[in-house]
Amino acid sequence: MSEEFNDNKTIQAQSSESISGGGSGAANDIDYVRPAEVGEQDLYHGHSFISKWVFCQDAKVIGVQYFLLATFTGIIGLILSWLMRLQLGFPELAGFMTAEHYYQFVTMHGMIMVVYFLTALFLGGFGNFLIPLMVGARDMVFPYLNMVSFWMFFIAVGVLLASFFVPGGPTGSGWTLYPPQAILEGTPGSGWGIMLMCISLILFVAGFTMGGLNYLITVLQARTRGMTLMRMPLTVWGIFTATVLAMLAFPALLVGALMMSLDNLLGTSFFMPTILKAGEVLEYGGGSPILFQHLFWFFGHPEVYIVALPAFGIVSDLISVHSRKNIFGYRMMVWAIVGIGALSFFVWAHHMYVSGMNPWFGFFFATTTLIIAVPTAMKVYNWILTLWRGNIRLNTVMLWCLGFIVTFVNGGITGIFLGNVTVDVPLSDTYFVIAHFHMVMGIAPLMVIMGAVYHWFPLVAGRMLDEGLGKWHFWITFLGAYSIYFPMHYLGFIGVPRRYFEMYDSPYMTSAVGMNEFISIAAFIVGAAQFILFYNIIKTLKVGKPSGHNPWKACSLEWLTPSVPPEHGNWGDKLPIVHRWAYDYSVPGAKEDFITQITPPSEVANTEVEKT
Amino acid sequence: MSSLIKKLFGTLAEKPWEENQALIDNKHTGKTFEISNQMSAVIIIFGFSTAIFSLVFTAYLYSIPPEQDTTFILKNKLLWINTLVLIFVTYFFNKISKDLKNNFTNKIKNNVIAVGAFSYLFLFLQVILWYQLMTEGHFVTTNSYFSSYYVFTTLHGIHLLGGLFFWGKISSRIFKLKEKEYVKESNNLHALSIYWLFLFIVWLVFFSIMFIYNDSVIAWCKELIS
Numbered sequence: 026m027s028e029e030f031n032d033n034k035t036i037q038a039q040s041s042e043s044i045s046g047g048g049s050g051a052a053n054d055i056d057y058v059r060p061a062e063v064g065e066q067d068l069y070h071g072h073s074f075i076s077k078w079v080f081c082q083d084a085k086v087i088g089v090q091y092f093l094l095a096t097f098t099g100i101i102g103l104i105l106s107w108l109m110r111l112q113l114g115f116p117e118l119a120g121f122m123t124a125e126h127y128y129q130f131v132t133m134h135g136m137i138m139v140v141y142f143l144t145a146l147f148l149g150g151f152g153n154f155l156i157p158l159m160v161g162a163r164d165m166v167f168p169y170l171n172m173v174s175f176w177m178f179f180i181a182v183g184v185l186l187a188s189f190f191v192p193g194g195p196t197g198s199g200w201t202l203y204p205p206q207a208i209l210e211g212t213p214g215s216g217w218g219i220m221l222m223c224i225s226l227i228l229f230v231a232g233f234t235m236g237g238l239n240y241l242i243t244v245l246q247a248r249t250r251g252m253t254l255m256r257m258p259l260t261v262w263g264i265f266t267a268t269v270l271a272m273l274a275f276p277a278l279l280v281g282a283l284m285m286s287l288d289n290l291l292g293t294s295f296f297m298p299t300i301l302k303a304g305e306v307l308e309y310g311g312g313s314p315i316l317f318q319h320l321f322w323f324f325g326h327p328e329v330y331i332v333a334l335p336a337f338g339i340v341s342d343l344i345s346v347h348s349r350k351n352i353f354g355y356r357m358m359v360w361a362i363v364g365i366g367a368l369s370f371f372v373w374a375h376h377m378y379v380s381g382m383n384p385w386f387g388f389f390f391a392t393t394t395l396i397i398a399v400p401t402a403m404k405v406y407n408w409i410l411t412l413w414r415g416n417i418r419l420n421t422v423m424l425w426c427l428g429f430i431v432t433f434v435n436g437g438i439t440g441i442f443l444g445n446v447t448v449d450v451p452l453s454d455t456y457f458v459i460a461h462f463h464m465v466m467g468i469a470p471l472m473v474i475m476g477a478v479y480h481w482f483p484l485v486a487g488r489m490l491d492e493g494l495g496k497w498h499f500w501i502t503f504l505g506a507y508s509i510y511f512p513m514h515y516l517g518f519i520g521v522p523r524r525y526f527e528m529y530d531s532p533y534m535t536s537a538v539g540m541n542e543f544i545s546i547a548a549f550i551v552g553a554a555q556f557i558l559f560y561n562i563i564k565t566l567k568v569g570k571p572s573g574h575n576p577w578k579a580c581s582l583e584w585l586t587p588s589v590p591p592e593h594g595n596w597g598d599k600l601p602i603v604h605r606w607a608y609d610y611s612v613p614g615a616k617e618d619f620i621t622q623i624t625p626p627s628e629v630a631n632t633e634v635e636k637t
Numbered sequence: 003m004s005s006l007i008k009k010l011f012g013t014l015a016e017k018p019w020e021e022n023q024a025l026i027d028n029k030h031t032g033k034t035f036e037i038s039n040q041m042s043a044v045i046i047i048f049g050f051s052t053a054i055f056s057l058v059f060t061a062y063l064y065s066i067p068p069e070q071d072t073t074f075i076l077k078n079k080l081l082w083i084n085t086l087v088l089i090f091v092t093y094f095f096n097k098i099s100k101d102l103k104n105n106f107t108n109k110i111k112n113n114v115i116a117v118g119a120f121s122y123l124f125l126f127l128q129v130i131l132w133y134q135l136m137t138e139g140h141f142v143t144t145n146s147y148f149s150s151y152y153v154f155t156t157l158h159g160i161h162l163l164g165g166l167f168f169w170g171k172i173s174s175r176i177f178k179l180k181e182k183e184y185v186k187e188s189n190n191l192h193a194l195s196i197y198w199l200f201l202f203i204v205w206l207v208f209f210s211i212m213f214i215y216n217d218s219v220i221a222w223c224k225e226l227i228s
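Protein chains in written order, with this note's numbering: chain P, 26 to 637; chain C, 3 to 228.
Structure follows, in structure tokens:
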């Protein structure tokens with residue numbers, strides 16, 4: 026190793042203006058990396074409990090805060106789903122529940138799970154915790170704004186939950202909030218409930234914009250030396266692209282929520298046509314409910330990918346680490362993420378085939394929907410080919426990953442059914458749709474979240490979660506989820522409609538009673554099984570095995586901090602210098618079966634890195 | 003733009019696992035684009051806000067009542083005075099940017115004050131315009147033409163107020179600095195100047211749409227969408 030290399034290795038992370046040297050002589054060294062262009066960041070270090078753990082500017086703490094609040098909100102969503110299943114499976118035990126309650130639970134469950142749980146957890150939770158660590162930054166570029174982003178989310182959740190305690194209760198218009206129903210008397214929560222929902226969504230979008238700004242600029246402008254975009258782990262690519270999507274799709278939700286609030290509060294008619302109520306013409310007129318549907322689904326469909334893309338990225342990394350192989354087709358995986366992101370803005374009206382829109386639109390959106398299956402299938406093939414002949418560790422993390430692949434393929438295939446107009450029309454508003462989207466954007470991303478929790482928990486807490494409990498957690502969830510959603514496909518085929526409080530007396534409904542009872546029991550068990558994870562976390566925090574540095578022997582930067590868990594600022598005195606991508610596993614000629622991103626080429630000179 | 007596209011596709015074509023590519027990648031020094039973080043933030047906000055305003059415009063086009071004269075608001079003189087005030091703001095910001103580039107610092111402070119003063123004047127005149135419309139009986143609930151106008155101007159005003167918040171922070175720092183040190187704030191001032199230009203363009207686009215879209219174009223759009 027040359028003297029020059031040693032000199033370069035100790036260059037501190039300063040701006041290039043303040044560093045001299047590193048000239049042409051150094052350029053011949055295989056380990057040479059140019060001085061940093063990104064200047065050192067001034068960080069605000071909290072000194073009190075409040076500034077360290079409550080109003081904290083450290084992205085990792087903010088990530089954990091997002092994670093905890095999103096999980097709390099998700100538990101409320103879970104409890105609401107239990108109540109719905111109680112009514113559907115055992116209505117005689119749910120005497121306390123009126124039809125209004127049921128519709129409110131359906132609405133709040135949907136909105137909570139999609140926006141306040143999955144989106145917040147993937148982007149706010151994993152985004153904050155992982156982005157700075159994985160790109161080699163000390164923190165997000167605007168830490169204060171990042172903190173405000175979380176507290177906006179906190180207020181948004183508060184406002185949403187407050188709607189349970191206002192006159193009329195929360196809105197019961199379905200998570201799609203379609204007007205005119207959402208704001209007309211007769212729909213539960215048509216006064217305060219829908220207003221609080223709209224205000225909460227506006228606050229959520231405003232808060233997310235502040236966070237999203239941070240994620241994008243940190244990824245684009247604050248990476249460490251040697252970390253090119255194409256050396257980033259796919260997790261970062263997934264979160265980055267999902268954030269771009271969110272920045273372009275959330276405005277539609279914001280505009281829709283704002284205009285509906287005005288329709289409700291001031292009496293404007295953006296979405297309200299002329300309406301006759303009990304023989305009396307209301308003051309509304311001239312608006313279009315279909316306009317709201319377009320706005321909602323212009324947000325709603327990219328939202329599916331806002332959840333799915335980070336999941337794709339994370340699962341790619343988990344599969345690579347735990348099968349000890351480089352991810353198959355890295356470039357293709359990046360292209361697929363970017364391609365899916367772009368295409369996701371051209372498929373929204375496949376949610377509106379029965380809305381009465383122009384049939385040519387149906388043709389167009391069915392075509393784009395099928396096209397988006399191509400990059401998605403590419404990803405599935407690449408995950409399988411990564412596993413192919415890999416040195417697979419069949420641990421809890423890998424089980425969740427395998428569960429994800431199977432579930433995602435299942436949900437994806439039923440999506441091809443629903444993407445075609447002629448098949449969708451009879452299946453529209455049936456339990457087939459419920460089964461499809463719960464598989465593809467409920468259970469599948471949840472499996473990635475669980476895999477990610479088991480994988481990165483040692484980085485957060487410095488201790489390993491219990492594997493035995495993890496496997497119990499996985500198998501109950503996996504088998505239970507299929508017990509819930511497989512029968513639902515059948516219910517949809519026989520025409521059982523969604524969003525019905527009770528099924529009335531009819532021959533085909535009676536035949537579904539037994540199946541509804543079975544589904545409900547499975548739902549209670551799967552929900553309860555999630556508390557195994559909480560028990561595991563509490564147990565691990567008390568008596569868990571210390572993880573040490575890099576327990577999974579991973580290549581990516583987040584495991585290479587001087588201390589585990591990483592301190593504020595992540596990297597001690599010197600920022601890391603990246604020499605390779607994040608997937609050099611099982612490289613022929615290497616001493617170990619992984620070469621970290623910061624290992625200089627001179628230390629692995631005899632390996633065949635490029636042939637892996 | 004072409005260099006951006008080239009950069010994007012060039013980046014996606016890289017093979018990071020190859021030895022030759024590694025030698026190129028090792029030269030990477032941290033940034034993707036040679037712009038400040040503040041400018042990056044403004045550009046991202048452009049994207050977000052453009053989406054918001056585009057959707058408001060779409061809603062406007064979707065629901066204009068057939069009997070409404072779409073150039074009604076354009077006939078109000080105060081609107082054009084307001085537009086002139088926005089032009090002044092953009093002009094002064096442009097001057098600040100140029101002065102910073104050329105290191106002429108003696109007028110920056112006055113121009114920063116002018117920007118704030120004209121921006122507040124714009125907001126004040128906008129409220130007067132609202133008052134005028136309301137006294138004439140054109141409320142937010144009158145029809146979707148006026149609803150869209152009020153929503154658009156409110157969102158535009160909120161964007162302007164957001165800009166003025168940062169203007170306040172930056173100008174308070176400038177007042178504390180010596181003339182030669184203004185350059186310390188150049189990243190912030192450039193970013194803010196671009197932001198104001200964006201708000202001016204949005205303003206012009208909305209009123210251009212009001213002017214251009216007549217009944218036949220509206221009917222064609224409705225037929226296409228419905």
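Backbone N, C-alpha and C define an ideal beta-carbon position, used for all residues, glycine too.
(message) So with CB distances below 9 Å, who are the chain C contacts of residue 277/P?
(response) 53, 54 and 57
(request) Note the first and the last residue of the continuous alpha helix (DSSP H) segment covering residue 69/P. (result) First-last for residue 69/P: undefined, no H or E at that position.
(message) Just checking: is the beta-carbon of residue 153/C within a distance shorter than 8 Å of some beta-carbon in chain P?
(response) yes
(message) Excluding the 5 residues flanking residue 293/P on each side, which residues of the same chain have their C-beta closer than 7 Å to its C-beta?
(response) 287
(request) Under 6 Å Cβ to Cβ from residue 235/P, same chain only, skipping five residues before and after it: list those, please. (result) 170, 173 and 174
(message) Tell me which residue opens and which closes the alpha helix (DSSP H) that residue 398/P is part of.
(response) 384–412
(request) Please go through the same chain and pick out, in chain order, the residues whose beta-carbon is closer than 6 Å to the beta-carbon of residue 182/C, but skip the five residues on each side of it. (result) none
(request) Check the Cβ-Cβ distances between residue 246/P and every residue of chain C, and say whether any is below 8 Å. (result) yes
(message) Less than 8 Å between C-beta atoms, sequence neighbours within five positions excluded: which residues of the same chain meet that for residue 633/P?
(response) 612, 613 and 614
(message) For residue 7/C and residue 137/C, what's the separation of their Cα atoms in angstroms?
(response) 51 Å
(request) Could you tell me which residues DSSP pairs with residue 175/C in its beta bridges? (result) Paired residues: none, contrary to the question.
(message) Assuming residue 410/P and residue 353/P are in contact, meaning their beta carbons sit under 8 Å apart, how far apart are those beta carbons, in whole angstroms?
(response) 4 Å
(request) Please compile the residues from chain C whose C-beta is within a distance smaller than 9 Å of the C-beta of residue 156/P. (result) Chain C residues near residue 156/P: none, gap ~14 Å exceeds 9 Å.
(message) Taking the beta carbon of residue 556/P as the centre, do at least 16 other beta carbons fall within 10 Å, making it buried, or is it exposed?
(response) exposed
(message) DSSP three-state label for residue 512/P, please.
(response) helix
(request) Please state whether DSSP places residue 451/P in a helix, a strand or coil. (result) helix
(request) Anything in chain P within Cβ reach of residue 2/C, meaning under 7 Å, just list it in chain order. (result) What the structure shows of chain C is the stretch from 3 to 228, and residue 2/C is not part of that stretch, so it cannot be assessed.
(message) What does the Cβ neighbour count give for residue 85/P, buried or exposed, with the cut at 16 atoms within 10 Å?
(response) buried
(request) Taking only beta carbons into account, state which residues of the region 8–31 of chain C come closer than 7 Å to chain P, listed in chain order. (result) 13, 14, 16, 17, 18, 19, 20, 21, 24, 27, 28, 29, 30 and 31
(request) Please decide whether residue 286/P counts as near chain C, where near means a Cβ-Cβ distance under 8 Å. (result) no
(request) With a 10 Å radius around its C-beta and 16 neighbouring C-beta atoms as the bar for buried, classify residue 329/P as buried or exposed. (result) buried
(message) For chain C, check one thing: does any of its Cβ atoms lie closer than 8 Å to the Cβ of residue 264/P?
(response) no
(message) Can you tell me which residues form a DSSP beta bridge with residue 151/P?
(response) DSSP, once it has assigned bridges, lists no residue as partnering residue 151/P.
(request) Tell me whether residue 116/P sits in a helix, a strand or coil according to DSSP, three-state version. (result) helix
(message) What does the Cβ neighbour count give for residue 306/P, buried or exposed, with the cut at 16 atoms within 10 Å?
(response) exposed
(message) Can you list, in chain order, the residues of its chain with a C-beta nearer than 7 Å to that of residue 576/P? Leave out the 5 residues immediately preceding and following it.
(response) 483 and 489
(request) Identify, in the order they occur along the chain, each residue of the same chain with its Cβ nearer than 6 Å to the Cβ of residue 122/P, setting aside the five sequence neighbours on each side. (result) 112
(message) In this structure, how does DSSP classify residue 649/P when only helix, strand and coil are distinguished?
(response) Nothing can be reported for residue 649/P, as the shown portion of chain P is limited to 26 through 637.
(message) Taking contact to mean 3 or more Cβ pairs, one atom from each stretch, closer than 8 Å, check whether the region 30–44 of chain C and the region 244–260 of chain P are in contact.
(response) yes
(request) Report yes or no: is there a C-beta of chain C within less than 8 Å of the C-beta of residue 272/P? (result) yes
(request) Check the DSSP bridge columns for residue 522/P and list the partner residues they point to. (result) 455/P
(message) Within 10 Å of its beta-carbon, does residue 261/P have 16 or more other beta-carbons around it, so buried, or fewer, so exposed?
(response) buried
(request) Report the three-state DSSP secondary structure of residue 47/P (helix, strand or coil). (result) Low local confidence applies: a pLDDT of 38 at residue 47/P is under 50, so the model's placement there is unreliable, and no value is given.
(message) Let me make sure I understand the geometry here. Which of 282/P, 341/P and 327/P has the alpha-carbon closest to that of residue 364/P?
(response) 327/P
(message) Within the continuous alpha helix (DSSP H) that includes residue 328/P, where are the two ends?
(response) 314–347
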